[in-house]
Amino acid sequence: MEKYNPQKVEAKWQEVWEKTKIYQTDLASDKPKFYNLIMFPYPSGDYLHMGHAYSDMGADVYGRYKALNGFNIFMPIGYDAFGLPAENFAISKGIHPKKSTAENISHAEKQLKTWGCQFDFSREVTTSEPNYYKWTQWLFLQLYKQGLAYQKESPVNWCPKCMTVLANEQVINGLCERCDTEVVQKNMKQWFFKITDYADRLIKDLDKVDWPESSVTKQRNWIGRSEGVEMDMQIADSKEKFSVFTTRIDTVYGMTYVVLAPEHPLVDKITTDKQKKEVEKYKIQAQKQTEIERQSLEKDKTGVFTGSYAINPFNGEKVPIWIADYVLFGYGTGAVMAVPAHDERDYEFAKKYNLPIVQSIAPVVWGLGNAKFREGGKTIVRPQVAVIVKHWAKDEYICLDWEKFGWKSFVIGGIDEGEKSEETAVREMREETGYQNVKSIRKIGGTIVNKYYAAHKGRNTIAPQDAYLIELEDGEQAKTEKEHTKFHKFEWVPKKNVQKYLTLENHIVAWEETEEEHAFTGYGELVNSKEFDGLTSEEAKKKMAEWLEKKKSGKTQVNYRLHDWSIGRQRYWGAPIPIVYCPKCGVVSVPEKDLPVELPEKIKDFRPKGTGKGPLASVKEFVEATCPKCGGKAERETDTMDTFVCSSFYYMRYPSVGNDKEMMEPNVTKKWLPVDMYVGGAEHVTMHLLYARFIAKSLHDARLINFDEPFLKMRHQGMILGPDGKKMSKSKGNVVIPDAVIREHGADTFRTYILFMGRFEDGGPWDPKGIVGIKRFLEKAWGLYDKEIVDNEPSVEETRILNKTIKKVGEDIDALRFNTAISQLMVFVNFLSSQKTQNKKTLEILSIMLAPFAPHMAEELWEKLSGKDSISLEVWPKYDKNLIKDETVTVAVQINGKVREQLIINIEAEENDVLELAKASEKVKKYVEGKEIKKVIYVKGKLLSLVVS
RNA sequence: GCCGCGGUGGCGGAAUUGGUAUACGCGCUAGUCUUAGGAACUAGUUCCUUAACGGGAUUGGGAGUUCGAGUCUCCCCCGCGGCACCA
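Quick note on the numbering used here: the first sequence kicks off at 1 and runs consecutively.
The following block contains the structure:
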C-alpha cells in the first residue's frame, strides 16, 4: 500500500459518498431514528470558522458512533440567512443582500463538504428563501391566532447604528449585540411575542431535558422568577393609589419612604407645586440617559422628593414618595417600598438623602454552644447589651475570657427593668472593667436576637442584644467588685486580633458592624412590627400576605425578569410580518393561503433610515394592499421579523423540506421530532434556545405538534481560541481558518486533532505544533495495514487491550469525551505497532473504531482489508468484560500513607496472601522491622495499606 | 456584588465510588538513519537531591476529616463565563 496521502484519500471518498448518497437519510426507514442536530451556520460573509468546524465535527463523531450502533442518523444542514449581520455585510460591500447571501452560502457549502461530516445536503433550508420564510410567516399567524403575537406601545431598545429595535436578549451590557453601539430607549408601537405567558413552564420544563447544568441555570436566571406580594398604597390626602411589588413584605414596618420610577404615570399627578420644577428636571435627565449610564453601578444613587406621602397600610404611617432611577419602570409595578434597614440600595439612598432607617428584622443567633431550645423548658426573655470598649490611646479593645464556660466575648450584661440599654452599657462597662470615663458612645447596628438554652438554669432564653461601642477618655480605673468579675478576666486585644479572638457568634456579628455599617438583608425575626413581632421572616411573609388579602389591599404575585419578545425590525433583510392595516377593519392578518408575503427584491435603497419605519415603507407596490376582509384599500406592515423567529423552528422544518403544503408533515414530524441531540454554542442559551423552547410550547398548545421540549439532549462545544490563548479576531490577527488546516493536513487529521486538544466542552487554544502528533498516529495506524496480516487467534494480551479499547472508546464517545477516546486509540495502535504481524479481525475492529474520527481513512483501510462496502454500514464492535480483566495486577504497598513497594500478584489473591508477600519484601521490612503493625487495609487488586508505629 | 465553572509537569491535558497523581500528545534530551533536515524511528523526560541504589517534595495557598485526599469539609487567593440597581 502506498504512503498515507490524506488529500487523495479524502477526495476519493467524498466523491463516493456524494455519488452513493450514503448520508441522505431515508426518513421512512424502520431503524430507530436519531435526530442529530447542529446549530445551522450564519453565513455573514466570513468563512465558516474554527467554532463551526469544532462543533460540527464533534457532533459528527457522536452521530457516526450512533449510526454504527444501529441508529438511522439524520444530520441536516441549512443556513440562517436573514438578519442584521448579513444585511450589514451587503451594505458594506454595496451589493444586494440576496446576492451576497447566495455567494456566502455557496462558499459555506463548499467548506462543509470537505469536513467529512454525514450532512444530509438534500434537505437544506435557507431562511431567506420564500419557500422557507413562508413558514416563518405561517408561524407568526399561528401565534397571532393564539393571542401570542400582539402590538403595544412601550419603551423598547433602539440601536442608533443598526437603526432598529432590538429584543432584550440582543442587548449585551447596554450595547447592541451586533455592532456594540450603545442602545437607547425609545417609545414605539411594536410587535411582541408573549413569551412571558410561558415563563413558568419554561422554568419548570427544564427538569425534562438533559442539558448542561450551567445552561439550565442560565435560563432560569434569565427568566428570573420571583415570588412576592403586590401591596396597594394610598396617597395621603388624595384618592390616588398605586401598588408596590416586594419580595420582602416581612420588612414592611421598616418602610421609611417609597420610590416610583421616573416614568411612573402617577408622578405628574402627585407632584406638589413646590417640587414640580425639580421633578421635571430629574425626569428629563433620566430620560436622556442611555441604558449604560443608567445601569452604571459606580454612579451615585439620585432621586427627588415629589412632595406627597403614601400610607403604610400596616401601621397607617405616612412616608414620603420619591422618584429615583434606581427603580425600573419595566419591572414589577415600577414602584417600591423602601426599607433602608434591610435593603442595600434603599440603605445607600437613605444615607445620601438623610431618610430615616428603622429596623424591623433582627438577625437570630443561636448562642452558647449552639444549644437549641429544649421542649418543655421555660422560656424567658432577657434583653442584654454587648459593649465594645476601645482603649483611650491605642487601637485595642477589651475582651473577656470566660474560662469556666469557654466563651470569649466583649463586656456583656443584662438590661435591668426600666433601664435604657445605653445606660446598661455604661454601667456594665464600669462594673466589669473599672474604667470610668466615657469619651463617646455609639450604638452598633440593630438588635440581634440571641437564643440559647441555659443549662445551669434549665430554661430557654431569648436575649435581644443591643451593641455599643464605647471609647474611653482615659485610663482612670476604680476597683471592681468581685461578684461582677469572678467568672472572667479581661484583656486588651489589638484590633486585628479581635475577630479571631471572639467565640460568641452574636458578638462577632456586632464586631463586623463596627467596621462597616450596612443593611441587614438576611432573614430573621420581626421587631418593631406590632402584632407580628417575634415571627420569623418566613412566617411573617405568609401572615402578612394573608392580612393584605383579607384587607383587599394586596395579593401574592409572581414577577419575571423576562420581558415579552420584541420581534419587529425596521430593516429590509427579513421576513415581512404578514399583517395589513385596513382603515375599515383595522389590523388584519394575511390569510395562510396568500403566503408568502414576498420581500420585494427591487428596492431603491435597502439601507435603514432611522425614521422608525423600515425601508419597505418606501416601496409603494409593497405597501399598497387589499384588505383580505373587506377587499378595500389597505397598507402592509413594513417591519420585518427578528431573525431569531426564523431560527426558532428550522429544526421542525428539516424533515418536511420539499413539502409546500404543510410546514410539518404530520407522520414524519411525529416520527422524527423532538431532536435527540443538539450540539452548539453556549452563547445561544438565552436567545435562540429560549425562543425555540417557547415556540415549541406554543405550537404544542395549538395542537400542531405533540412535543413541548424541542431538544431533549444538548451539549455545548467549548471555544477554540487563537494560538495566543485569546479569542480569535481579525483585529488581533490570530484567526486560524479551518480550510487552511484541512488543505495542509487533511480533514481526518484536523478532526482528530481538534477533538484531541482537550475536553470538547472546554475548547482551548489552537496550537498548530501539536497536530504532528495526530499525523504520526494516523500514519502509524495506516502502517499497520502494511504489515503481514494473518487470520489467527490473537494473543491473550492483544485480546485484553482490544476489549479494553472497545469499551473505553465507545463509552467515551458516548459521553463526548473525544480526547480520551483518541488517547486510548493511540495506546492501542502503539501496542499493535510493536507487533510483527497483525491480526485481521483486530484490524477490522480498529478501522471501525477509527471511522468516527477519520472517516475517509477508515473507508480506505476498510476497502483494502475487507473489500466490502462502506464502513459506515458496519456495526460497532462488542467487548467481552471477562476478557478485560488482567490475571496479574500490581498492588501498591503503603506504609503510613506512603507507597514503599509494588507487588505483582494474582488478581484473586486475598488479603492474607498479599500481606505475607509484603512482609517478605526487603523494602517493606525496612519500614516494618521492630515495629507493630496496627492496622491493615487491603483494597482488592489495588493496594495494601499498613499502619505501623 | 450575585450565580456558575475552573486552577494538575516547560505546554495541551488524563485520573469510576477517596485507593500507585502526571495516561495520551506536544516540546525537550540522547541515539539511529540521512548529503541535509524544522522528516522518520528508538530510548529517556514532574521537580529537587544522588555516581548509582535510594531519599525528599508535589495537583493555586492554608487548615481539617481519613490508614489514605487532585477528589470530601472550611477559609483565602487567582482566572474564565453569565447576570447586574429585578425591589
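Where is the CB? At the ideal position from N, CA and C, for every residue including glycine. Keep in mind the model is a prediction, meaning the values are calculated, not measured.
According to DSSP, which residues form a beta bridge with residue i?
i    : result
V389 : I470
G78  : V125
C582 : G586
R459 : K378, A454
V675 : F711
P576 : T640
K19  : K19 pairs with nothing; no bridge assigned.
L400 : S409, F490
A625 : A634
S440 : E471
N506 : Answer is none; N506 lacks a bridge partner.
L37  : Y678
Q557 : G228
Y309 : P320
E182 : L175
I937 : S945
V986 : There is simply no residue 986 to check, as the chain begins at 1 and stops at 949 in what is shown.
E973 : A query on residue 973 cannot be resolved here, the shown segment of the chain reaching from 1 to 949 and no further.
N906 : T888
I284 : Partner(s): none; I284 has no beta bridge.
Q14  : Q14 pairs with nothing; no bridge assigned.
P569 : Position check: residue 569 holds Arg in this sequence, whereas Pro was assumed. According to DSSP, R569 bridges with T640.
Could you have a look at residue i and say whether DSSP puts it in helix, strand or coil?
i    : result
F649 : coil
D232 : strand
P356 : coil
G369 : Any reading at G369 needs caution, since the residue's pLDDT is 47, under 50, leaving its predicted position unreliable; the model's value is listed next. It is coil, neither helix nor strand.
E911 : helix
R900 : strand
M663 : coil
R703 : coil
A425 : helix
Q289 : coil
P768 : helix
T686 : coil
I603 : coil
G448 : The identity of residue 448 in the sequence shown is Ile, whereas the question assumes Gly. In the structure shown, I448 sits in a strand (DSSP, three-state: E or B).
V735 : coil
Give a yes or no on whether the C-beta atoms belonging to residue i and residue j are separated by under 8 Å.
i    : j    : result
Q234 : A310 : yes
K629 : V588 : yes
N506 : Q465 : yes
P41  : T749 : no
W565 : I195 : yes
L861 : S847 : yes
F34  : D676 : yes
E788 : T837 : yes
N528 : Y347 : no
E344 : A510 : no
A952 : I754 : Because the chain here runs from 1 to 949, residue 952 falls outside it and cannot be looked at.
Compute the minimum distance between the beta carbon of residue i and the heavy atoms of the ligand PLP, and state whether it is under 7 Å.
i    : result
A545 : This structure lacks the ligand PLP, and indeed carries no ligand of any kind.
Practice task
Flag this pair as touching only if the region 600–607 and the region 645–665 have three or more C-beta atom pairs under 8 Å; answer yes or no.
Solution key: no
Exercise for the section: Write down every uninterrupted run of the alpha helix (DSSP H) in the region 790–878 whose length is 4 residues or greater and which is fully enclosed by it, in chain order. Expected result: 796–814, 818–833, 840–850, 855–866
Handout entry: Contact between the region 280–287 and the region 209–219 (3+ Cβ pairs under 8 Å)
Key = no
Practice task
May I have a chain-ordered list of the alpha helix (DSSP H) segments no shorter than 4 residues that lie completely inside the region 106–177?
Solution key: 130–145
Handout entry: alpha helix (DSSP H) runs contained entirely in the region 186–271, provided each spans 4 or more residues
Key = 199–204, 213–223, 266–270
Practice task
Determine, using beta-carbon pairs with one atom in the region 687–702 and one in the region 641–651, whether at least three such pairs fall under 8 Å.
Solution key: yes
Problem - Contact between the region 202–216 and the region 706–726 (3+ Cβ pairs under 8 Å) - result: yes
Exercise for the section: Determine contact between the region 110–119 and the region 729–747, defined as no fewer than three beta-carbon pairs at a distance below 8 Å. Expected result: yes
Handout entry: alpha helix (DSSP H) runs contained entirely in the region 518–552, provided each spans 4 or more residues
Key = 537–550
Practice task
Give a yes or no on contact between the region 912–932 and the region 870–885, applying the rule of three or more CB pairs nearer than 8 Å.
Solution key: no
Practice task
Could you say if the region 760–769 and the region 723–731 meet the contact criterion of at least three C-beta pairs nearer than 8 Å?
Solution key: yes
Problem - Validate contact between the region 529–546 and the region 134–146 using beta carbons, cut 8 Å, 3 pairs - result: no
Handout entry: Meets three-Cβ-pair contact criterion under 8 Å: the region 911–920 and the region 931–943
Key = yes
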